[in-house]
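Trainee:
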Amino acid sequence: MAYRIDILTLFPQSMSAVLGESIIGRAKKKGAVEINCVQIRDYTENRQMQVDDYPYGGGWGLVMMAQPLKSCLDDVLKKVGPRRSRVIYMSPQGRPFNQEEAKRLRRDYDHLVLVCGHYEGVDERFIEECVDEEISLGDFVLTGGEIAAMAVADCVCRMVPGVLADEECYTGESHWDGLLEYPQYTRPEVWEGRAVPEVLLTGDHEKVRRWRRKKQLERTLDKRPDMFEKLEFTSKEDRRLVEEIKYERLPEKMKLRFEPRRAEERDLEAILRIMDEAKAYLRESGVDQWQNGYPNREAVLADMAAGRGWVFDCVDDGCLAGYECISMEPEACYPGIDGAWLTGGENYAVIHRTMAAAKYRGTRLATEMFSFAEELAAGMGRASVRVDTHRDNKPMNRLCEKRGYKYCGVVDIGATNQTEGDPLRNGYEKLL
Ligand SMILES: C[S@@+](CC[C@H](N)C(=O)[O-])C[C@H]1O[C@@H](n2cnc3c(N)ncnc32)[C@H](O)[C@@H]1O
């Protein structure tokens, strides 16, 4: 038995004309779907064939009477006989229509009755008595329910087997699985100086499939961020494609890549230059940190000797970009924190002397330095990483928070480091 839709309307001829065209028209002729547009006026019980009247209580416009609608509906249901029928009133007050609603109507019923109101709407008692649900085309008001009913009929019918050539014709389209469709192109290959994307001409099906999937993700992200936010990326490929899209959109500076390695004596001069730049930056930013001789050559040499000094090379230009000390030794001043660390005991690593060369500010370097320290600490069985920084050192405080470090209280480094003007530091810790 074909999927059937009866549309109750005051304008059956114009609707039949539209629904008799193109794909839906052909599907009707083939018998894949049955769509009838029924004239409500044929069911009036008054001589003037009047279908509407003035609203009780006054006000503008006319209201469609319940009787012709109910008689029309009864007749349709009687003719159709026992089926999984659903009576739907097209209404701006209904649940907004979308692809999921269409799938539900296609799946749960094999007969829809779409009631089109006109004028001011229909007598409320008809809705209460006869209607199973109300569906809206969107949050706006149309003159009548016909356009909405045609939209619902068209959308539901194209999912009925035999209407389109293949299931893929609709499962691959926008909104089927929460994504928008990829861009489509047809001949000629170049139009108004615009060429078809090369990948589509390669004949490599796998490449084309991957490109299209990426475009679907990209388009949804750009055109419908609300939909993109709801996506759950269950496939590895989708996760990788999203990473790729995000990476491609980074400013050029943020694409620079960095590699860590243990600092060696040959790096010393470059490290000291970076240190001077870092000190100048703090001074210019009004931060009373590293302004009194610390850190210095001796501190870096001691780091190197203990194997805790790390440099980061910029892979893209070969320059030494940053330095940090990753210590596995407990810090003497940390037990005296004015607050509480997340962990007790001494099974933590500490990041000290994080510094980036001026030209790598605004890159991923600092993030990568933190992330490397965390990996190293985790690999050595540490439970957490701690770091301290001056309260006015905004970039560093922000970085700690962004990387999931918890503010634990104030540390006084005065006893172990006499060179700093203001010895108070914000203490942070991150569990690994
Ligand atoms: C002018 S409207 C009546 C609006 C009604 N007075 C109201 O404010 O809720 C006339 C008819 O158009 C149809 N209609 C209007 N907007 C619609 C929408 N967004 N979705 C579905 N049908 C709509 C309904 O069938 C309605 O009975």
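Each residue of the sequence shown is one higher than the one before, counting from 693 in our numbering. Think of the CB as a built atom: it goes at the ideal place given N, C-alpha and C, for glycine as much as any other residue. Just so we're clear, the structure is a prediction, and the values are computed from it rather than from any experiment.
Comparing C-alpha positions only, which one of Ala845, Arg796, Glu816, Pro788 sits nearest to Leu806?
Mentor: What you label residue 806 is simply residue 114 of the sequence shown in a count that begins at 1. Ranking Ala845, Arg796, Glu816, Pro788 by Cα distance to Leu806 puts Ala845 first.
Trainee: Does DSSP put Arg1117 in a helix, a strand or coil?
Mentor: Residue mapping note: residue 1117 aligns to position 425 of the sequence shown, counting from 1. Strand.
Trainee: Counting pairs of Cβ atoms below 8 Å between the segment 997-1013 and the segment 1075-1093, do you hit three or more?
Mentor: With a cut-off of 8 Å, the segment 1075-1093 and the segment 997-1013 do not count as touching, because too few Cβ pairs lie within range.
Trainee: Beta strand (DSSP E) containing Asn1089: first to last residue?
Mentor: Taking the first residue of the sequence shown as position 1, residue 1089 is located at position 397. Premise fails: Asn1089 lies in the alpha helix (DSSP H), 1086-1094, not in any beta strand (DSSP E).
Trainee: Determine whether the beta carbon atoms of Asp766 and Met756 lie at a separation below 8 Å.
Mentor: Within the sequence shown, the letter at position 74 stands for residue 766. Within the sequence shown, the letter at position 64 stands for residue 756. No, these two residues do not count as a Cβ contact at 8 Å.
Trainee: Could you give the residue range of the beta strand (DSSP E) that holds Asp1080?
Mentor: Residue 1080 sits at position 388 when you count from the first residue of the sequence shown. Per DSSP, Asp1080 belongs to the beta strand (DSSP E) from 1076-1081.
Trainee: Consider the C-beta atom of Ser763 and the heavy atoms of ligand 1; say whether any pair is separated by less than 7 Å.
Mentor: As a working mapping, residue 763 is identified with position 71 in the sequence shown. False, no ligand heavy atom lies under 7 Å from that Cβ.
Trainee: Just to confirm the assignment, what range does the alpha helix (DSSP H) spanning Arg817 have?
Mentor: Taking the sequence shown and counting its residues from 1, one reaches residue 817 at position 125. Note, Arg817: alpha helix (DSSP H), 816-822.
Trainee: Under 7 Å from any heavy atom of ligand 1, does the C-beta of Phe832 make it?
Mentor: Your numbering for residue 832 matches position 140 in the sequence shown. Yes, since a heavy atom of ligand 1 falls inside the 7 Å radius drawn around the Cβ of Phe832.
Trainee: With H, G and I counted as helix, E and B as strand and the rest as coil, what does DSSP make of Ile1018?
Mentor: Here the question's residue 1018 lines up with position 326 in the sequence shown. Three-state DSSP puts Ile1018 in a strand.
Trainee: Closest by CA to His810, which one among Ala758, Cys849, Arg965?
Mentor: Residue mapping note: residue 810 aligns to position 118 of the sequence shown, counting from 1. Among Ala758, Cys849, Arg965, the Cα nearest to that of His810 is on Ala758.
Trainee: Is the closest heavy atom of ligand 1 to the C-beta of Leu711 under 7 Å?
Mentor: Translated into the one-based positions of the sequence shown, residue 711 becomes position 19. No, since every heavy atom of ligand 1 falls outside the 7 Å radius drawn around the Cβ of Leu711.
Trainee: Under 8 Å: do the segment 1093-1103 and the segment 1024-1039 share three or more Cβ pairs, one atom per stretch?
Mentor: They touch, by the three-pair rule.
Trainee: Could you check if Ser1019 is buried or exposed, using at least 16 other CB atoms within 10 Å of its CB as the buried criterion?
Mentor: Within the sequence shown, residue 1019 is the residue found at index 327, counting from 1. Ser1019 should be labelled buried.
Trainee: So, for Arg975: in the same chain, excluding its five sequence neighbours on each side, which residues have a beta-carbon less than 7 Å away from its beta-carbon?
Mentor: Start at 1 with the first residue of the sequence shown, and residue 975 comes out as number 283. The residues are Gln983.
Trainee: As a quick exercise: from Pro704, Thr1055, Ser977, Glu935, pick the residue whose alpha carbon is nearest that of Glu944.
Mentor: By 1-based counting over the sequence shown, the position of residue 944 is 252. Out of Pro704, Thr1055, Ser977, Glu935, Thr1055 has the C-alpha closest to the C-alpha of Glu944.
Trainee: Suppose you measure from the CA of Ile1105 to the CA of Gln981; what does that come to, to the nearest Å?
Mentor: To locate residue 1105, count along the sequence shown from 1; it is residue 413. To locate residue 981, count along the sequence shown from 1; it is residue 289. For Ile1105 and Gln981, the distance between alpha carbons rounds to 12 Å.
Trainee: Nearest by alpha-carbon distance to Arg941: which of Tyr1026, Ile966, Asp914 is it?
Mentor: Indexing the sequence shown from 1 puts residue 941 at position 249. Out of Tyr1026, Ile966, Asp914, Asp914 has the C-alpha closest to the C-alpha of Arg941.
Trainee: If contacts are defined as beta-carbon pairs under 8 Å, then Ile699 and Met707 qualify, I think. What distance do you get, rounded to the angstrom?
Mentor: Position 7 of the sequence shown holds residue 699. Position 15 of the sequence shown holds residue 707. Yes, they are in contact, since the Cβ atoms of Ile699 and Met707 sit about 6 Å apart, within 8 Å.
Trainee: Taking DSSP as the reference, what is the three-state secondary structure of Ala1013?
Mentor: Residue numbering aside, residue 1013 sits at position 321 when the sequence shown is read from its first letter. The answer is strand: DSSP assigns Ala1013 an E or B state.
Trainee: Return the CA-CA distance between Leu702 and Met741, expressed in angstroms with no decimal places.
Mentor: One-based indexing of the sequence shown puts residue 702 at position 10. One-based indexing of the sequence shown puts residue 741 at position 49. For Leu702 and Met741, the distance between alpha carbons rounds to 12 Å.
Trainee: Check whether the Cβ of Thr1059 sits closer than 7 Å to any heavy atom of ligand 1, and report yes or no.
Mentor: Residue 1059 sits at position 367 when you count from the first residue of the sequence shown. No; taking the cut-off as 7 Å, the Cβ of Thr1059 has no heavy atom of ligand 1 nearer than that.
Trainee: In terms of DSSP beta bridges, what is Trp883 paired with?
Mentor: Counted from its first residue, the sequence shown places residue 883 at position 191. Per DSSP, Arg886.
Trainee: Can you pull the DSSP bridge partners for Ser777?
Mentor: The count along the sequence shown starts at 1 and reaches residue 777 at position 85. Paired residue(s): His803.
Trainee: From the DSSP output, in three-state form, read off Leu892 for me.
Mentor: Counted from its first residue, the sequence shown places residue 892 at position 200. The answer is helix: DSSP assigns Leu892 an H, G or I state.
Trainee: Please state if the CB of Leu1091 and the CB of Ala1069 are separated by a distance shorter than 8 Å.
Mentor: Sequence index remark: in the sequence shown, residue 1069 carries index 377 (1-based). Sequence index remark: in the sequence shown, residue 1091 carries index 399 (1-based). Contact: no.
Trainee: What three-state label does DSSP hand Asp745 in the structure shown?
Mentor: For the purposes of this step, residue 745 is taken as residue 53 along the sequence shown, with counting starting at 1. Correct three-state label for Asp745: strand.
Trainee: Hey, Gly1001 and Tyr1052 are a contact pair by Cβ (cut 8 Å); roughly how many whole angstroms apart?
Mentor: Looking up residue 1001 in the sequence shown gives position 309. Looking up residue 1052 in the sequence shown gives position 360. Going by Cβ atoms, the distance from Gly1001 to Tyr1052 rounds to 18 Å, so no, they are not a contact pair.
Trainee: If you count every other CB in all the chains shown that lies within 10 Å of the CB of Arg953, and 16 or more means buried, which is it?
Mentor: If you number the sequence shown from 1, residue 953 lands on position 261. So Arg953 ends up on the exposed side.
Trainee: Helix, strand or coil, according to DSSP, for Leu702 in the structure here?
Mentor: Counted from its first residue, the sequence shown places residue 702 at position 10. DSSP places Leu702 in coil when its eight states are reduced to three.
Trainee: In whole angstroms, give me the CA-to-CA distance for Pro784 and Glu1066.
Mentor: Position 92 of the sequence shown, counted from the first residue, corresponds to residue 784. Position 374 of the sequence shown, counted from the first residue, corresponds to residue 1066. Their backbone Cα atoms lie some 55 Å apart in a straight line.
Trainee: DSSP state of Leu769, grouped into three classes?
Mentor: Locating residue 769 in the sequence shown gives position 77, where the first residue counts as 1. Looking at Leu769 - three-state DSSP - the assignment turns out to be helix.
Trainee: Excluding five sequence neighbours on each side, which residues of the same chain lie with their C-beta closer than 7 Å to the C-beta of Arg817?
Mentor: Locating residue 817 in the sequence shown gives position 125, counting from the first residue. Ala758.
Trainee: Suppose you measure from the CA of Gly1037 to the CA of Gly1096; what does that come to, to the nearest Å?
Mentor: Locating residue 1037 in the sequence shown gives position 345, counting from the first residue. Locating residue 1096 in the sequence shown gives position 404, counting from the first residue. C-alpha separation (whole angstroms): 21 Å.
Trainee: Measuring alpha carbon to alpha carbon, tell me which of Leu909, Tyr877, Ile1043, Arg965 ends up nearest Arg931.
Mentor: If you number the sequence shown from 1, residue 931 lands on position 239. Arg931 has its Cα closest to that of Leu909, out of Leu909, Tyr877, Ile1043, Arg965.
Trainee: Does Gly864 come out as helix, strand or coil in the three-state DSSP assignment?
Mentor: Sequence index remark: in the sequence shown, residue 864 carries index 172 (1-based). Looking at Gly864 - three-state DSSP - the assignment turns out to be coil, as it is neither helix nor strand.
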